[in-house]
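Asker: Dropping the structure in here first, questions after.
Protein chains: 2
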Amino acid sequence: MRVFLAFLLAAAFAAAGTPFGIVIHGGAGTVVPGRFTPEVEKAYREGLEKALAAGYAILEKGGPALDAVEAAVRSMEENPLFNAGVGATLTRAGTHELDAAIMDGATLKAGSVAGIQHVKSPIGLARLIMEKTPHVMMIGEGAEAFARSQGLELVPNTFFRTPKAVADLEKLREREKAKPTTKDTVGAVALDRNGHLASATSTGGMLDKLPGRVGDAPLIGVGTYADDRTCGVSCTGWGEFFIRTVVAYDISAQMAYLGIDVDKAAHASLDKATKLGGPGGLVAMDAKGHVTMPFTTPGMFRAFRLSDGTGAVRMYADN
Amino acid sequence: MRVFLAFLLAAAFAAAGTPFGIVIHGGAGTVVPGRFTPEVEKAYREGLEKALAAGYAILEKGGPALDAVEAAVRSMEENPLFNAGVGATLTRAGTHELDAAIMDGATLKAGSVAGIQHVKSPIGLARLIMEKTPHVMMIGEGAEAFARSQGLELVPNTFFRTPKAVADLEKLREREKAKPTTKDTVGAVALDRNGHLASATSTGGMLDKLPGRVGDAPLIGVGTYADDRTCGVSCTGWGEFFIRTVVAYDISAQMAYLGIDVDKAAHASLDKATKLGGPGGLVAMDAKGHVTMPFTTPGMFRAFRLSDGTGAVRMYADN
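Right under this line is the structure:
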């Protein structure tokens, strides 16, 4: 009887396993019902689902959180619907300048790029910088020279262009607003079977930005952070205000110093950036698999899937 | 009698006034007795004294902390002894790429540049980005195009070159070490008569860095941060490790969330970066004028002057 009970317990533990999972976002903004045709809405949800599946499949096989967040973000970089990689917004000069960052919560190693114009996968380059150089952040032509030396795929700047991105810039100009517009970003946070967290973020940046402008996404501690002892975070929103309030690290710091949970910390940090003037959103997860996806914009493309079977794909405030 | 006592108290308060002052650094590293000739040591101390005086004079006249830190940092940018502006280290490609950041503790406004090759004063450009654009951080050619549009003085890249910087790179190559070397940075934190804090940092970055590499100096929350409610911070050291531990904001966060003082918080944050592998140093000050100048390298060029008459100019561990 004793042996049988022990067997049952072991079987139950094996079934539950160590929690793992992934949470992603495809940008926060005026994502409200009625804005999209049913076809476009469906395409967004399928895009999120595809990115989620790419990351989750890696975790399920026991792969590292770093691989999962890179795969999820890369999937959204390749999807023209999202403002990262193909589909990136245009700068005031009509060019694309891409930013990305990745961080490993187990070692606090990180890689980051900004001002990328010709590297097909900015998140892939950020990962290579983390793994193959003594540096964390590289920008512009220097970063692209390193990409070339590593055999990464280079593309013409127009590779990233979509009719929608061109139309967005034209629409903004028609309204003759010099005011910068918040724009989407994509990101992911994953927890693997070994209990390690990782985060990744990639973006085309703010629509109509001045060439050379860098937002929060590629800045470690601001748009991207991961520490197994606290949480992983990836942000989206009006970058300038996120920078000034150091959102991602502030969440980690609140958990470490105030002992509060990831959900409470994430809401508090996001509220600070929003009150300063910059609405947005973020996804975060702690090392036990607690997920939070707060936003102060009307909506946010977001999704998660956990090993306990829970999951969701949402874009509007309530769905 | 009562009136006389009240008068005496008021007079005493007027004499003491609101505390104000400035603390600066000229980089942390192997600053040990015997390394420099007496003439060079004297020149370093005079350089620190000059930068300190430039900032303090502004504060004394009631000027803003922002002006004081900019003036102090600009003085060190113009001084070929320090690794910022003229005298900047060389990249692996034999060029100069300069980074800088400035932040206003009253408003949390910030400006930052990286990968600057032709703007005479990187800290001046960072300030303009803070004040004249909706952005916080700008890099490379985009940042320089903005500098041109603002009438800033542009110079050939060789303007920043000094015989010492060339010799340093040659010496490193002779030793055939691919390993990156920590290098100096300059920075300042000031508190003005209105109780506002500001921070500024400027650097040529790590000697022999890959072109495009960005260190901690220009990253808001990492090498530079200021918040009147907590403190102002400017860091120097092995940037990659400072980025991964978000040093400047971690000090502010510890003060805010743990309620500890600036000195204790600064030591704790610096120790984290050092334990991860990156020694360095920093200067920090709170809104009451408490100053701290910790470092985990053998020495650090540093100085401070406060309105209570205290002050010092030091470079070695004990002097």
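In order, the protein sequence lines correspond to chains B and S. Number 10 in my numbering belongs to position 10 of the first sequence; there are no gaps in the numbering. Every position in the second sequence, counted from 1, becomes a number in my numbering once 1000 is added. Note that CB positions come from ideal geometry on N, CA and C, so glycine has one too. Fair warning: this is a prediction, and the values are worked out from it, not measured in the lab.
When DSSP labels each residue in this structure, what does residue 90 (chain B) get in the three-state scheme?
Answerer: Residue 90 (chain B) falls in the coil class under three-state DSSP.
Asker: By the 10 Å Cβ neighbour count, where 16 or more other Cβ atoms means buried, how is residue 1305 (chain S) classified, buried or exposed?
Answerer: Residue 1305 (chain S) comes out buried.
Asker: Does DSSP put residue 1209 (chain S) in a helix, a strand or coil?
Answerer: Here residue 1209 (chain S) sits in coil by DSSP.
Asker: Using only CA atoms, which one of S:1137, S:1097, S:1264 and S:1216 lies nearest to residue 1110 (chain S)?
Answerer: When each option's Cα is compared against that of residue 1110 (chain S), the closest is S:1137.
Asker: Name the residues in the region 1138 to 1170 of chain S whose C-beta lies less than 7 Å from a C-beta of chain B; which are they?
Answerer: Flagged, chain order: 1138, 1139, 1140, 1141, 1142, 1143, 1145 and 1146.
Asker: According to the Cβ coordinates, are residue 1083 (chain S) and residue 1140 (chain S) closer than 8 Å?
Answerer: Contact: no.
Asker: List the residues of chain S that residue 110 (chain B) touches, going by C-beta distances under 9 Å, in chain order.
Answerer: Those within 9 Å of residue 110 (chain B) in chain S are 1240, 1243 and 1244.
Asker: With burial defined as no fewer than 16 other Cβ atoms inside 10 Å of the residue's Cβ, what is the status of residue 57 (chain B): buried or exposed?
Answerer: Flag for residue 57 (chain B) reads exposed.
Asker: Could you confirm whether any beta carbon from chain S is found closer than 8 Å to the beta carbon of residue 226 (chain B)?
Answerer: Output row for residue 226 (chain B): interface = no.
Asker: So what's residue 56 (chain B) in DSSP terms, helix, strand or just coil?
Answerer: The answer is helix: DSSP assigns residue 56 (chain B) an H, G or I state.
Asker: With residue 284 (chain B) and residue 100 (chain B) assumed to form a contact (beta carbons below 8 Å), what rounded beta-carbon distance in angstroms separates them?
Answerer: Actually they do not touch by this definition, with Cβ atoms about 18 Å apart.
Asker: If we cut at 8 Å on Cβ distances, does residue 1173 (chain S) have a partner in chain B?
Answerer: It does not; no Cβ of chain B falls within 8 Å.
Asker: Any contact of the region 1237 to 1256 of chain S with the region 251 to 271 of chain B, i.e. 3+ C-beta pairs under 8 Å?
Answerer: The region 1237 to 1256 of chain S is in contact with the region 251 to 271 of chain B.
Asker: May I ask you to list the residues that DSSP assigns as paired with residue 1286 (chain S)?
Answerer: Answer is S:1231.
Asker: So, for residue 1114 (chain S): in the same chain, excluding its five sequence neighbours on each side, which residues have a beta-carbon less than 6 Å away from its beta-carbon?
Answerer: Answer for residue 1114 (chain S): 1099, 1139, 1214 and 1218, listed in chain order.
Asker: Which residues of the region 246 to 274 of chain B have a Cβ closer than 7 Å to any Cβ of chain S? Give them in chain order.
Answerer: Against chain S - using a Cβ distance shorter than 7 Å - the residues of the region 246 to 274 of chain B are 246, 249, 250, 253, 254, 257 and 258.
Asker: If you pair each beta-carbon of the region 260 to 274 of chain B with each one of the region 286 to 297 of chain B, do three or more pairs fall below 8 Å?
Answerer: Because the criterion of three Cβ pairs below 8 Å is met, the region 260 to 274 of chain B and the region 286 to 297 of chain B touch.
Asker: State buried or exposed for residue 166 (chain B), treating a residue as buried only when at least 16 other CB atoms are found within 10 Å of its CB.
Answerer: Its Cβ having fewer than 16 others within 10 Å, residue 166 (chain B) is exposed.
Asker: Between residue 19 (chain B) and the rest of its own chain, which residues show a CB-CB distance below 8 Å, the 5 nearest in sequence each way excluded?
Answerer: Only 191, 288, 289, 306, 307 and 308 meet the Cβ criterion.
Asker: From which residue to which residue does the beta strand (DSSP E) around residue 1063 (chain S) run?
Answerer: Element bounds for residue 1063 (chain S): n/a, residue is neither H nor E.
Asker: From residue 131 (chain B) to residue 199 (chain B), what does the alpha carbon distance come to, in whole angstroms?
Answerer: Distance between the alpha carbons of residue 131 (chain B) and residue 199 (chain B): 15 Å.
Asker: Excluding the 5 residues flanking residue 311 (chain B) on each side, which residues of the same chain have their C-beta closer than 7 Å to its C-beta?
Answerer: Excluding sequence neighbours, residue 311 (chain B) sits near 304 and 305.
Asker: When you compare the CB of residue 1222 (chain S) with every CB in chain B, is at least one pair closer than 8 Å?
Answerer: Closer than 8 Å: yes.
Asker: Quick one, which residues of the region 112 to 135 of chain B are near chain S if we go by CB-CB under 7 Å, in chain order?
Answerer: Flagged, chain order: 114, 115, 133, 134 and 135.
Asker: The beta strand (DSSP E) spanning residue 1024 (chain S) covers which residue range?
Answerer: That run of the beta strand (DSSP E) goes 1021 to 1029.
Asker: Taking 8 Å as the threshold (C-beta atoms), are residue 246 (chain B) and residue 222 (chain B) in contact?
Answerer: In contact: residue 222 (chain B) and residue 246 (chain B) (Cβ atoms closer than 8 Å).
Asker: Starting from the beta carbon of residue 279 (chain B), find every residue of chain S whose beta carbon is closer than 8 Å, and list them in chain order.
Answerer: Near residue 279 (chain B) there are no residues of chain S at all, since even the closest Cβ is about 15 Å away, more than 8 Å.
Asker: Against residue 276 (chain B), what residues of chain S qualify as contacts under a CB-to-CB distance less than 7 Å, listed in chain order?
Answerer: Result: 1108.
Asker: Would you mind stating whether residue 1235 (chain S) and residue 1274 (chain S) have Cβ atoms separated by less than 8 Å?
Answerer: No, the Cβ-Cβ distance between residue 1235 (chain S) and residue 1274 (chain S) is not below 8 Å.
Asker: Since I believe residue 66 (chain B) is in contact with residue 119 (chain B) (beta carbons under 8 Å), could you give me their beta-carbon distance rounded to a whole number of angstroms?
Answerer: With 8 Å as the limit, residue 119 (chain B) and residue 66 (chain B) do not qualify as a contact, their Cβ atoms being about 19 Å apart.
Asker: Below 9 Å between beta carbons is the criterion; list the residues of the region 1199 to 1215 of chain S that meet it against any residue of chain B, in chain order.
Answerer: Of all residues in the region 1199 to 1215 of chain S, 1206, 1209, 1210, 1211, 1212, 1213, 1214 and 1215 have a Cβ within less than 9 Å of some Cβ in chain B.
Asker: So for residue 1308 (chain S), helix, strand or coil by DSSP?
Answerer: Note: residue 1308 (chain S) maps to coil in three-state DSSP.
Asker: Say whether chain B places a C-beta atom closer than 8 Å to the C-beta of residue 1197 (chain S).
Answerer: No - not a single Cβ of chain B is within 8 Å of the one on residue 1197 (chain S).
Asker: In the structure shown, what three-state DSSP assignment does residue 1181 (chain S) receive?
Answerer: Per-residue confidence for residue 1181 (chain S) stands at a pLDDT of 49, beneath the threshold of 50, marking its modelled position as unreliable; no derived number is given.
Asker: Here's a check: name, in chain order, each residue in its chain whose Cβ is nearer than 6 Å to the Cβ of residue 1286 (chain S), leaving out the five neighbours to either side.
Answerer: Counting only Cβ-Cβ distances below 6 Å, and skipping sequence neighbours, we find 1231 and 1262.
Asker: Tell me the residue span of the alpha helix (DSSP H) that contains residue 195 (chain B).
Answerer: Segment: none, residue 195 (chain B) is in no alpha helix (DSSP H) and carries neither H nor E.
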